[in-house]
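Asks:
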Amino acid sequence: MKADRLLKQIENMGVRVIAGVPDSTLKQFCDGLQTYEGGLKHYVTANEGAAVGLAVGAFLASGSPACIYMQNSGIGNIVNPLASLANDDVYGIPMLFIVGWRGEPGVKDEPQHVFQGKITCKLFDTLDVPYSVVDKNTTDEQWQEILTRAKTYLDKNLQFAIIVKKGTFEPDREFVWQNSSTLNREAVLGRLLQIVPRDAYIVSTTGKISRELYEQSNAQFGNHDNIFMTVGGMGHASMIAFGVAQEKRDKTIVCIDGDGAALMHMGALPFIASQAPENFYHIVINNQAHESVGAMPTGCQSTDFSRVAKAAGYAYTERIMDEKGLDSLAGTFGSRKGPVLYEIMVSLDSRKDLGRPKETAKENRDAFMKNFK
Ligand SMILES: Cc1ncc(C[n+]2csc(CCOP(=O)(O)OP(=O)(O)O)c2C)c(N)n1
0 MKADRLLKQI ENMGVRVIAG VPDSTLKQFC DGLQTYEGGL KHYVTANEGA
50 AVGLAVGAFL ASGSPACIYM QNSGIGNIVN PLASLANDDV YGIPMLFIVG
100 WRGEPGVKDE PQHVFQGKIT CKLFDTLDVP YSVVDKNTTD EQWQEILTRA
150 KTYLDKNLQF AIIVKKGTFE PDREFVWQNS STLNREAVLG RLLQIVPRDA
200 YIVSTTGKIS RELYEQSNAQ FGNHDNIFMT VGGMGHASMI AFGVAQEKRD
250 KTIVCIDGDG AALMHMGALP FIASQAPENF YHIVINNQAH ESVGAMPTGC
300 QSTDFSRVAK AAGYAYTERI MDEKGLDSLA GTFGSRKGPV LYEIMVSLDS
350 RKDLGRPKET AKENRDAFMK NFK
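If you number the sequence shown the way numbering that gives the first Met the number 0 does, the last residue is 372 and the count never jumps.
#1: For Met0, is the beta carbon positioned less than 7 Å from some heavy atom of ligand 1?
#2: Helix, strand or coil for Tyr315 per DSSP?
#3: Leaving aside the five residues before and after Asp134 along the sequence, list all residues of the same chain whose C-beta is less than 6 Å from its C-beta, in chain order.
#4: Ends of the alpha helix (DSSP H) at Phe270?
#5: What span of residues does the beta strand (DSSP E) with Gln158 cover, start to end?
#6: Express the C-alpha separation of Ala2 and Asn385 in angstroms, rounding to a whole number.
#7: Are there three or more Cβ pairs, one per stretch, closer than 8 Å when the stretch 323-334 is compared with the stretch 357-364?
#8: Near Met344, which residues of its chain fall below 6 Å by C-beta distance, leaving aside the five closest residues on each side in sequence?
#9: Is DSSP giving Pro104 helix, strand or coil here?
#10: Do you know how far the Cα of Asp258 is from the Cα of Val175?
#11: Taking the straight line between their C-alpha atoms, what separation do you get for Ala199 and Glu290?
#12: Keeping to the same chain, check which residues put their C-beta closer than 7 Å to that of Gly312; ignore five residues upstream and five downstream.
#13: Is any heavy atom of ligand 1 found at a distance shorter than 7 Å from the C-beta of Ser61?
#14: May I ask you to check if the CB of Pro21 is nearer than 7 Å to at least one heavy atom of ligand 1?
#15: Where do the ends of the alpha helix (DSSP H) carrying Met368 lie?
#16: Does the Cβ of Lys26 have 16 or more other Cβ atoms within 10 Å, making it buried, or fewer, making it exposed?
#17: When we look at the beta-carbon of Thr119 and count the other beta-carbons within 10 Å, is it buried (16 or more) or exposed?
#18: Using only CA atoms, which one of Thr251, His235 and Glu185 lies nearest to Ser216?
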């Protein structure tokens, strides 16, 4: 299936608004959305639940159902507004979900996708959302039948999901977006490992930031035992780091976050600020995009995290744009009491041959926890 074609069909069903969070399984679909010339209004939301909220509002105002695209990891974020607001037992708000299926049983995938992949269909069953599963062999006629079926549910103010297996969408026009930053993310992460004291603990966010830190730490120190990689649970790295920081007040705790992840559960910022952990250092690596899953812009490209954190009540915040800024960080890191937030602006490059953790998630958990024994 080509993204452009599906988007036209979705539009022909009466959908006017499409919102979501990008996903690697849906990379070609997301690229197609960025270049689509039809009449759909597109929004990248901070998290998948927010897309459901937007869909509710759009329906209330227009009477047209909205479409939500997402990775299956985001199901958790949609459960509350779907079950307690959009479901037929409450307001009955129609919406069409397009869901990238990571961790499909029988297909090798990363640990964070295995369980979520196994329960994906069951979750839609439980949520009263009928669905069809598509893959690269789904014919045009079958797609047509699925969309006709979907429309019968939407017309009754119910929801419907299309669960998309890997490889379903054919590559078409690739969407390439660049920001104006010059620092390279992996080089910045390598440098941060030099700047952060060796006896500090690092909690890193979901996606390539963790993978790059893992490789950089192994290359520099031969291990990565002081790093906890938040491989799933996108957006929660800062609260994990806060949890560690409160238990280990004599240690320096550093959260290395992404801008997309920090946006996803941004309530963590005022919460952390109000708790005022002096040993907490938050570093947001801002490339204004979801680079790990295809580099779609976050939709909040102009957000200045250093100013948001300042307004939230962090003790000190700063935006770093270049090598000079990193040099100055190297000279001052740790001299200020937390909570501190450094936002580092980076470009959108990443290595094609970037690896993935070789140990199991539990081995990494145990190696991290051993530090505290
Ligand atoms: C709840 C949830 N939604 C979507 C994803 C898919 N996902 C993995 S990494 C990522 C992008 C992270 O973006 P950002 O934090 O800005 O870091 P970057 O990849 O740009 O370095 C996304 C959307 C996910 N893992 N979990």
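C-beta: ideal position from N, C-alpha, C; glycine also.
Replies: Looking at the atomic coordinates:
#1: For this step, residue 0 is matched to residue 1 along the sequence shown. Not under cutoff, so the answer is no.
#2: If you number the sequence shown from 1, residue 315 lands on position 316. Strand at Tyr315.
#3: The residue given as residue 134 occupies position 135 in the sequence shown. Cβ neighbours of Asp134 beyond the five flanking positions: Lys164 and Thr167.
#4: Here residue 270 is taken as the residue at index 271 of the sequence shown, counted from 1. Taken as a continuous stretch (DSSP letters only), the alpha helix (DSSP H) holding Phe270 covers Ala267 to Gln274.
#5: To locate residue 158, count along the sequence shown from 1; it is residue 159. Under the DSSP assignment, Gln158 falls in the beta strand (DSSP E) whose first and last residues are Gln158 to Val163.
#6: It is not possible to answer for residue 385, since the shown part of the chain is limited to 0 through 372.
#7: no
#8: Locating residue 344 in the sequence shown gives position 345, where the first residue counts as 1. Hits under 6 Å: Ser180, Asn285 and Met320.
#9: Against the sequence shown, residue 104 aligns to sequence position 105. The DSSP-derived three-state label of Pro104 is coil.
#10: Your numbering for residue 175 matches position 176 in the sequence shown. Your numbering for residue 258 matches position 259 in the sequence shown. Taking the straight line from one Cα to the other gives about 19 Å.
#11: Position 200 of the sequence shown, counting from 1, holds the residue named residue 199. Position 291 of the sequence shown, counting from 1, holds the residue named residue 290. Going by the C-alpha atoms only, they are around 27 Å apart.
#12: Counting from one through the sequence shown, the residue named residue 312 turns up at place 313. Cβ within range, chain order: Pro269, Ala272 and Ser273.
#13: Taking the sequence shown and counting its residues from 1, the one referred to as residue 61 is at position 62. No, the Cβ of Ser61 stays beyond 7 Å of every heavy atom of ligand 1.
#14: One-based indexing of the sequence shown puts residue 21 at position 22. True, at least one ligand heavy atom lies under 7 Å from that Cβ.
#15: Within the sequence shown, the letter at position 369 stands for residue 368. Unbroken alpha helix (DSSP H) run through Met368: Ala360 to Lys369.
#16: Numbered from its first residue, the sequence shown carries residue 26 at position 27. Label assigned to Lys26: buried.
#17: To locate residue 119, count along the sequence shown from 1; it is residue 120. With 16 or more other Cβ atoms from the protein chains shown falling within 10 Å of its own Cβ, Thr119 counts as buried.
#18: Numbered from 1 along the sequence shown, position 217 holds the residue referred to as residue 216. Ser216 has its Cα closest to that of Glu185, out of Thr251, His235 and Glu185.
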